[in-house]
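S.K.: In my numbering, the protein residues as written are 80 to 190.
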């Protein structure tokens, strides 16, 4: 239990006017060292709305890494419940973006 799988990852860029855009990790020169390990993670599941939400959290003139993860323990728990002839009644995805405490989000400041 406890495995996490990265499903999608994008760099979110907010310009000085607050307009948001996204790019793949491969397209950010400052992240060139991670291309072999993290390039190609984009799956298209992070939406334009997600990009706007992340950009609003980090502020203008800032880059941030948006990562969508799958918590494998949910599948493990469902398998365990099934072995007891039980069933999972509901799984609820979380759609909201919440600010994280300072120091837990790495941000590239282009300013």
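Even glycine gets a Cβ: it sits at the ideal position worked out from N, Cα and C.
Would you kindly work out how many angstroms separate the C-alpha atoms of residue 108 and residue 98, rounded to a whole number?
M.R.: 20 Å
S.K.: Let me make sure I understand the geometry here. Which of 83, 84, 130 and 95 has the alpha-carbon closest to that of residue 102?
M.R.: 130
S.K.: Let me check understanding here. Comparing Cα to Cα, which of 84, 93 and 87 lies closest to residue 141?
M.R.: When only C-alpha atoms are compared, the closest one is 93.
S.K.: Pick out whichever of 122, 84 and 88 has its Cα sitting closest to the Cα of residue 110.
M.R.: 88
S.K.: Which two residues bound the contiguous alpha helix (DSSP H) that contains residue 161?
M.R.: 151-162
S.K.: Among 112, 143, 95 and 90, which has the Cα closest to the Cα of residue 123?
M.R.: Considering only alpha carbons, the answer is 90.
S.K.: Among 166, 100 and 83, whose alpha-carbon lies nearest the alpha-carbon of residue 143?
M.R.: 100
S.K.: Measuring alpha carbon to alpha carbon, tell me which of 85, 167 and 169 ends up nearest residue 125.
M.R.: 85
S.K.: Just the C-alpha distance for residue 95 and residue 160, rounded to the nearest angstrom, thanks.
M.R.: 50 Å
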